[in-house]
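Data block below; observations after.
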Amino acid sequence: MKADSMIEIQNISYAYEGEEEGVKLAPVIRDFSLDIKRGEFLAILGHNGSGKSTLTRLCNAMAVPDSGKVFVEGMDTADPALEYDIREKVGVVMQNPDNQIVATIVEEDVAFGPENLGVEPAEIRRRVDDALKRVGMYEYRSQEPHKLSGGQKQRVAIAGVIAMRTDCIILDEPTAMLDPQGRQEVMKTIKELNRDMGITVVLITHYMDEAVQADRVAVMDEGRLVLLGTPQEVFSHRQELYRCGLDIPQSAKLTDRLRQMGIPLSGSILTPADFISAFRAYEEGRR
Amino acid sequence: MSLVEVKDLVYIYGQNTPFCTTALDHMFLQIEKGGIKAVIGHTGSGKSTLIQHLNALLQPTSGQVLFDGQDVNASKEISYRIRFRVGLCFQYPEYQLFESTVYKDIAFGPTNMGLSEAEIDAAVRKAAAYVGISPDLFEQSPFDLSGGQKRRIAIAGVMAMEPDLLILDEPTAGLDPRGRAQILQMIRDYKDKSGKTVLLVSHSMDDVAETADEVIVVSEGKIAMQGSVRDIFSRSEELMHMGLTVPECARIMNDLREAGYCLPAGIFTVEEAAAALRDYLRGGGAV
């Protein structure tokens, strides 16, 4: 095992079972390899049905590859004896906040995970308080979850995962159902966990403006890894992204359009801030 | 006469209970016939409560909703009939498919309207064409299709009634960029070909920028703004205060203007932004 690996995915393939027992459907993951590094913030892009959610299941032993191996901190996900150890390391937050809240009070919901792990009550109290503070939801600890906004519910779900002291969080389209403010709150929380606590973050998303905030971006198509690199590298492959049914951020589109008009803004431009500084530099350079 | 007129509408959830919440607070709104209108507002702003009043799914605590000049709650019969004229397609409508074939699912609405076999058949074929579902799929089970196809079939089920007002609640939520572009194109086609009015409820400012003619902003149970897309997106400060945002290009243009660049207001698309920036540079770039 590589020392800096959080999850090592080695040449895996996976197919779901069809209606007939023992008959597999077409594979949804095909000869896929990816080394998720400890402490990184990785975004995964891909169209609906490209295999992203299946990959999530394979990363925390909810599914086991048909061929190839997945190692979580060196532990083989195919070993049933390690299932619980693996789930302690890798937590998952899903798209719909209403499908993952189990308790009637916020702090009880966050305590659910550590309670199931058999953690001591005093330690649970510490972890719950700490986790709620980390996601900025401590003052809501005795509220009923159904009264929270979507962004707040997702932050409670994230707190539930960090209270288990996981080293890695996989978020499967956590902002798809949220309003703009909720999306910003969740993105801010994710980045803080990664930066301040060193938690490895894997963010599956359809929003290009979220992906550009990651350290690395992986692009999946038909169960295969087709692009991997920094956001600057990945988003420079415009044609490949369009072919995969994906898009590029608007700031990059605007840059492309200006370049076509003969206005060569320089550098890799992925965000409004990038664009504004490149535009100013170009404009000042002409004076 | 306006297509929809909301007069002093109040709706209180759980009245006379400890959980009572005012969702709509003396709201006034007029919606004119034709075009695509977007309804935006953060989670809990009251927009879902509002749209459920437009087809009499909810009865006002006080105030009135007029459709084509008629009170939608005037009688049980009228409230029932109004649902054929105001078609409401909920979020994630694919979860509401229930028939054994695609054809039967799309035919459900027109059948309830009491149309003849021939009229139902014509309505189903027309609606399927709007959403790009081939007649080859008519005899298949909707449950065997992809998520994107299911969603289009569910929307077709509402379009098949050719309602005078088609309301779509978050029709692109959870879709990848290509799926999203398809749905938006489909909505524009429907508006052009049917000539009916469409109300699009969305958290995505990009969806609004790409499809809507007019924007209605709901905040704290009231209409906070109503105007052209251009007007609304030039008021980014106010939108931010309401937990909303503007498309990336509008943000770039607004930020450049604030930094002292003399650029036109109200620009929100890549094409317009590129043209405005080119013109600015041609003009010598005077600040």
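Heads up: the protein sequence lines correspond to chains G and R, in order.
My numbering puts the first residue of the first sequence at 130, with every later residue one more than the last.
My numbering puts the first residue of the second sequence at -15, with every later residue one more than the last.
Even glycine gets a Cβ: it sits at the ideal position worked out from N, Cα and C.
- At least one CB of chain G lies nearer than 8 Å to the CB of R:E232.
- For R:S178, the secondary structure class from DSSP, reduced to helix, strand or coil, is helix.
- The way I'd put it, the segment 190 to 197 of chain R does touch the segment 13 to 27 of chain R; three or more beta-carbon pairs between them come closer than 8 Å.
- Using a Cβ-Cβ cut-off of 9 Å, G:G178 is close to S130, G131, G132 and D160 of chain R, given in chain order.
- Counting along the chain, R:F217 sits inside the alpha helix (DSSP H) bounded by residues V213 to F217.
- Checking the DSSP bridge columns, you'll see G:V157 has no partner listed.
- Within the segment 162 to 190 of chain R, R162, G163, R164, A165, H187, S188, M189 and D190 place their CB atoms closer than 9 Å to a CB of chain G, listed in sequence order.
- Secondary structure of R:C233 (DSSP, three-state): helix.
- Listed along chain R, the residues sitting closer than 9 Å to G:H335 by beta-carbon distance are G158, L159, D160, P161, G163 and R164.
- Residue pairing of R:L(-7) in beta bridges, as defined by DSSP: R:M11.
- Given a length threshold of 4 residues, each whole run of the alpha helix (DSSP H) inside the segment 267 to 340 of chain G is given here in chain order: 279 to 291, 309 to 326 and 337 to 340.
- At a cut-off of 8 Å between beta-carbon atoms, R:A91 makes no contact with chain G.
- Here G:F200 carries a strand assignment [DSSP, helix/strand/coil].
- Shown here, G:A132 sits in coil according to DSSP, grouped into three states, outside any helix or strand.
- For the pair R:K31 and R:V202, the CB atoms are nearer than the 8 Å cut-off.
- With the rule of 3 Cβ pairs closer than 8 Å, the segment 214 to 224 of chain R does not count as touching the segment 337 to 347 of chain G.
- For G:P274, no Cβ of chain R is located within less than 8 Å of the residue's own Cβ.
- Contacts with chain G at 8 Å (Cβ-Cβ) do not include R:H37.
- Around the beta carbon of G:G247, fewer than 16 other beta carbons sit within 10 angstroms, so the residue counts as exposed.
- For the segment 378 to 394 of chain G, the residues whose beta carbon sits under 7 Å from a beta carbon of chain R are, in order, P378, Q379, S380, K382, L383, R386, L387, M390 and I392.
- R:D153 is outside the set of residues whose beta carbon lies under 8 Å from a beta carbon in chain G.
- Put simply, the backbone Cα of G:V231 is about 44 Å away from that of R:G98.
- In this structure G:N245 is exposed. Its beta-carbon is surrounded by fewer than 16 other beta-carbon atoms within 10 angstroms.
- Residue nearest to R:A243 within the set G:A144, G:G391 and G:F408 is G:F408 (criterion: CA-CA distance).
- When DSSP assignments are scanned along the segment 355 to 387 of chain G, the uninterrupted stretches of alpha helix (DSSP H) that are 4 or more residues long and fall wholly within it turn out to be 360 to 363 and 367 to 372.
- For G:M223, not one C-beta of chain R is nearer than 8 Å to its own C-beta.
- For the alpha helix (DSSP H) assignment, the uninterrupted runs of no fewer than 4 residues enclosed by the segment 59 to 100 of chain R are, from N- to C-terminal side, 60 to 69 and 86 to 96.
- By the Cβ-count criterion, G:Q379 is buried, with 16 or more other Cβ atoms from all chains shown falling within 10 Å of its own Cβ.
- Taking R:H26 as reference, the option from G:I398, G:G279, G:M316 and G:I298 with the minimal CA-CA separation is G:G279.
- Identification of residues in the segment 291 to 325 of chain G having a C-beta nearer than 9 Å to some C-beta of chain R yields E302, A305, M306, L307, D308, P309, Q310, G311, R312 and Q313, given in sequence order.
- Note on geometry: alpha-carbon atoms of G:A210 and R:S125 lie some 40 Å from one another.
- Residue environment: R:Y174 is assigned as buried (16 or more neighbouring CB atoms within 10 Å of its CB, all protein chains considered).
- The DSSP-derived three-state label of G:S406 is helix.
- Contact between the segment 50 to 62 of chain R and the segment 93 to 112 of chain R is not established, with fewer than three Cβ pairs separated by less than 8 Å.
- The three-state secondary structure of R:Q(-1), taken from DSSP, is coil.
- At a Cβ-Cβ threshold of 8 Å, G:L277 and G:Y269 count as neighbours.
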